[in-house]
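Going letter by letter, the sequence shown gives residues 115 to 465 in my numbering.
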Amino acid sequence: MMTSKMPDNLKRRCHECRKPSSQSDEEEIERLREWLDKDKAWAQNLMAQVYRDGTQSIKQSYVMARLLFEKAAKQGDANAMHDLGVLYRNGKGVVQSFTKAAEYFTMAAEQGDLDAMHNLAHLYQEGQGVAQSYTKATELYTMAAEQGHVDAMTSVGVLYIQGKGVDQSNEVAREWWTKAANEGQEGALINLKQLDDQEGKPSTAIKDELYASLMAATQGVVRAMVHLGTMYNQGRGVVQSTMKARKWWTKAAHEGDQGAIRNLKKLDELKRRSTTTASSPRPVCCSSCNIPQPSTRKFCRCNGCRSVQYCNKECQRAHWSPGGHKQECKRLRKKREEKKGSRSSQNKKSK
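Quick look at the structure:
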């Protein structure tokens, strides 16, 4: 395996302007605005996402998001086309229009955007904004599924079970659901268990346990959320996934479960240990669910301590819950203010 000889300080520079990585939300936005002035589609798309999600100290605005997505879409940006379609489908910042949503999803799908293929297939399946066509829906779901879109794998399996747009086939449905389940798609896991019961196939105890936990957890049973998180953390009956374990424990912690809160603290401790022993910088992750920060947008930081970040408001609320970040935030904020005061006094002395 070849290793890069580029110094770390050069690796952590902006790929566009080659400046060192920004150290604050304000600096990041200021740089982004410079590229907006140059009418760069990628910058318009990123800024639109910031306005849509209300991150990086920017006030949330679907209208501003729509305007910027439109500019990027006119320049052929497939991501912007897809996200603009989502706004029209959901009626955010625009008058809801499934017809417009279908137009933008089509434009993005023609450029190979898998999410757009999946969403357009759903519109054809439901007959929203387009003439209903199960055949077209199956075609689009299959196209996305064959390229690795796990939700599309689950959706096309449903059409095969129902025999809509294709010849009915439990066998083909099972194939697609198995592929999706192997990628951790929980809907596919549930569908496979129900298909086993319907066909009278023997079911393992672990599959029964997983199915029962999933069904109960999705219905809001906190104990099941904790148990499901444990199964994912241990890789018991499922592909091991710390991310999914954190997801379910976070939901349980949000309901005040002390066991889930303790489990999340243990994951945080393991994360800190791995960070201190890592030989290269770790990606920025949500401080609650540990999902890595995508390249297309930055997570919002805690306004108090500025030391943790979140992918969405739900994770922020869960992490703030009793026994979570609330007490730590006070300590970090106090430490931050003390450092500021120390620097201020040092500057006065130097003058």
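Ideal Cβ placement from N, Cα and C applies to all residues, glycine included.
Cβ-based neighbour list, residue i, same chain, cut-off 6 Å, excluding 5 preceding and 5 following
i           : result
residue 275 : 287
residue 233 : 219
residue 452 : none
residue 197 : 183
residue 199 : 215, 218 and 219
residue 291 : 271, 302, 305 and 306
residue 195 : 187, 218, 221 and 222
residue 202 : 208, 211, 214 and 215
residue 365 : 339
residue 149 : 157
residue 168 : 174
Cβ neighbour criterion (16 or more within 10 Å) applied to residue i
i           : result
residue 209 : exposed
residue 204 : exposed
residue 315 : exposed
residue 173 : exposed
residue 384 : exposed
residue 415 : buried
residue 241 : exposed
residue 163 : buried
Segment limits, alpha helix (DSSP H) that includes residue i
i           : result
residue 271 : 264–276
residue 288 : 284–296
residue 233 : 228–240
residue 167 : 155–167
residue 311 : 300–313
residue 343 : 336–348
residue 426 : Unbroken run through residue 426: none, as it is neither H nor E.
residue 361 : 356–368
residue 141 : 139–151
residue 187 : 176–188
Length of the line joining the Cα atoms of residue i and residue j
i           : j           : result
residue 153 : residue 207 : 22 Å
residue 170 : residue 193 : 20 Å
residue 244 : residue 363 : 40 Å
residue 211 : residue 231 : 18 Å
residue 329 : residue 141 : 45 Å
residue 175 : residue 310 : 47 Å
residue 324 : residue 346 : 10 Å
residue 294 : residue 353 : 12 Å
residue 424 : residue 284 : 41 Å
residue 413 : residue 143 : 13 Å
residue 421 : residue 443 : 8 Å
residue 116 : residue 333 : With a pLDDT of only 43 at residue 116, under 50, the local geometry of the prediction cannot be trusted, and the value read off the model is given with reservation. Taking the straight line from one Cα to the other gives about 48 Å.
residue 358 : residue 348 : 11 Å
residue 181 : residue 225 : 21 Å
Rounded distance between the beta-carbons of residue j and residue i, thought under 8 Å
i           : j           : result
residue 251 : residue 235 : 5 Å
residue 270 : residue 255 : 4 Å
residue 78  : residue 302 : What the structure shows of the chain is the stretch from 115 to 465, and residue 78 is not part of that stretch, so it cannot be assessed.
residue 299 : residue 268 : 5 Å
residue 165 : residue 179 : 4 Å
residue 400 : residue 429 : 5 Å
residue 159 : residue 191 : 5 Å
residue 338 : residue 327 : 5 Å
residue 297 : residue 336 : Not really, about 26 Å apart at Cβ, beyond 8 Å.
Same chain only: Cβ atoms within 7 Å of residue i, ignoring 5 sequence neighbours per side
i           : result
residue 213 : 243
residue 279 : 248, 249, 251, 252 and 273
residue 331 : 338, 339, 342 and 362
residue 146 : 157, 160 and 161
residue 177 : 207
Same chain only: Cβ atoms within 8 Å of residue i, ignoring 5 sequence neighbours per side
i           : result
residue 228 : 258, 261, 262, 263 and 266
residue 246 : 238, 239 and 240
Residue i beta carbon near the ligand GTP (any heavy atom closer than 8 Å)
i           : result
residue 354 : This structure lacks the ligand GTP, and indeed carries no ligand of any kind.
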